[in-house]
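Q: If you scroll down you'll find the structure; I have some questions about it.
This is the structure in structure tokens:
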């Protein structure tokens, strides 16, 4: 124990039980602090991916104070902010906004917004369900897509007719899984043993699934009061420091008492010490 040499418990002359109790208390406090830190780290946190660019330290999913202009289904719980959803919307903008059929446009937007799903943003889900891809393919097989010159992924073409770069989705992919993969999504079959399938199916998770979504996101420029983010940890640190000070004070008091007790002045006037008050014979 790092504190034992400093405080000198071994040579303090305390009773064994009392010394053991004083050694045990700081150890328990340190264990609680370690447990608190481990629990805080284990909470799901957002991770940068694709259009979701994040700064460190990575935060937990939260509720945005700013109204989302797009992907509004994730307004109350998401790793995205307003800038992220604007980037998602721009990635789908085409020359002709009516080029895609209504059903294809709606599901294309749903998949594009999947990055703002808190379970996707925290990497609890990392794939699109194969059944969802098949549904998307069926809705868009008669719409025109092309390969983006930037990402090399399939994107809406923005036209209602074929061209040198635009083709029907049914001509670019044979099935939903291939269609999703060419659009840049990872695909997997839903896990029957998982309550949420283990993959994205378009279902918006309840905000109550994430405790961090119960309060609105605060602006970063607001000053955070000491201990306001981790009140339990802050209390434990203060308790540990106070305990250490008390133990140091007790040790100092013990040493001072012992020094005073065994000082020559005390010994000369105390009959309990052999030879006190007597003069040695010449």
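In my numbering, the protein residues as written are 315 to 596.
For each residue, glycine too, the CB sits at the ideal point set by N, CA and C.
All values derive from a computational prediction rather than experimental measurement.
Taking only three categories from DSSP, how would you classify residue 502?
A: strand
Q: Tell me, to the nearest whole angstrom, how far the beta carbon of residue 487 is from that of residue 451; I am working on the premise that it is less than 8 Å.
A: 7 Å
Q: DSSP has residue 442 in a bridge; who is on the other side?
A: Paired residues: 501 and 514.
Q: Assuming residue 436 and residue 393 are in contact, meaning their beta carbons sit under 8 Å apart, how far apart are those beta carbons, in whole angstroms?
A: 7 Å
Q: The beta strand (DSSP E) with residue 460 in it runs from where to where?
A: 458 to 461
Q: Suppose contacts are defined by Cβ-Cβ distances below 8 Å. Is residue 365 in contact with residue 442 by that definition?
A: The answer is no: Cβ separation not under 8 Å.
Q: Who does residue 376 pair with in a DSSP beta bridge?
A: 392
Q: According to DSSP, is residue 481 helix, strand or coil?
A: strand
Q: With three or more C-beta pairs closer than 8 Å as the rule, is the stretch 406 to 418 touching the stretch 468 to 478?
A: yes
Q: Our contact map puts residue 513 next to residue 504 with C-beta atoms below 8 Å; I'd like the distance itself, whole angstroms only.
A: 6 Å
Q: Who pairs with residue 469 in a beta bridge, going by DSSP?
A: 460
Q: So what's residue 368 in DSSP terms, helix, strand or just coil?
A: coil
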